[in-house]
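Notes follow the structure.
Residue numbers (full-length UniProt numbering): 1 to 228.
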């Protein structure tokens with residue numbers, strides 16, 4: 001098994017055509033190793049969300065490649081890309097995107113149900129993960145009955161339920177107070193240590209960024225490693 005779980009190779013993205021094209025990514029190079037934690041910072045409009053969407057195979061580059069577990073995201077069909085995403089990646093967003101009409105357990109179970117696993121297996125695994133993030137007493141609660149920090153924990157459990165190689169996080173503490181943000185970071189640390197999952201965190205929160213193993217800045221369409 002390769003030590004690399006995520007790799008960008010000369011990744012470029014431009015919007016518009018010809019003379020009015022705007023280059024957002026100008027040849028991004030990135031390698032994320034198994035069990036590594038990485039923060040990506042940058043000013044608003046620098047292309048961080050664009051890059052994250054490329055890393056997750058949610059948007060297509062103008063050129064270049066993204067490889068997950070040594071499999072290219074962009075030389076396969078959309079169906080195969082969705083299967084690779086479901087198998088190898090987890091996603092956590094600033095706005096947790098939980099389904100309001102479903103319980104915490106049902107929200108966490110959704111990726112496995114999409115995969116077609118048995119209801120019994122899905123329920124057992126989802127409940128186990130919710131217990132691991134401190135929400136064993138909230139299995140049947142809907143998002144409206146949970147605090148902001150609890151909803152983010154449900155989102156993290158949902159991201160982990162497929163045993164991904166890497167979790168992509170977009171401003172995961174952006175809507176949380178400092179105390180709750182620190183709780184989320186502690187949870188990430190524990191999950192990284194226990195399961196060896198890699199985390200790539202796009203954030204404006206420098207306190208969150210400096211707690212990751214590496215910090216890179218996206219500036220002028222390129223990534224460079226920095227000290228914070």
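Note that CB positions come from ideal geometry on N, CA and C, so glycine has one too.
Taking 8 Å as the upper bound for CB-CB distance, residue 127 and residue 105 are in contact here, some 6 Å apart.
The residue among 82, 89, 218 and 25 with its C-alpha nearest the C-alpha of residue 157 is 89. Contact check between the stretch 53-64 and the stretch 104-120: fewer than three CB pairs, one atom from each, fall below 8 Å, which does not count as touching.
Under the Cβ criterion (8 Å, minimum of three pairs), the stretch 25-45 does not count as touching the stretch 70-86. Taking every protein chain shown into account, the CB of residue 22 has fewer than 16 other CB atoms within 10 angstroms, so this residue is exposed. DSSP places residue 156 in no beta strand (DSSP E) but in the uninterrupted alpha helix (DSSP H) bounded by 148-160.
When secondary structure is reduced to three states using DSSP, residue 139 falls in the coil class, being assigned neither helix nor strand. Fully enclosed beta strand (DSSP E) runs of no fewer than 3 residues occupy 63-68 and 89-93 of the stretch 52-125, in order along the chain. As computed with DSSP, residue 199 is found in a beta bridge with 37 and 167. Residues 12, 220, 221 and 222 of the same chain have their beta carbon placed closer than 8 Å to that of residue 26, with the five preceding and five following residues left out of the count. DSSP lists 217 as the bridge partner or partners of residue 224.
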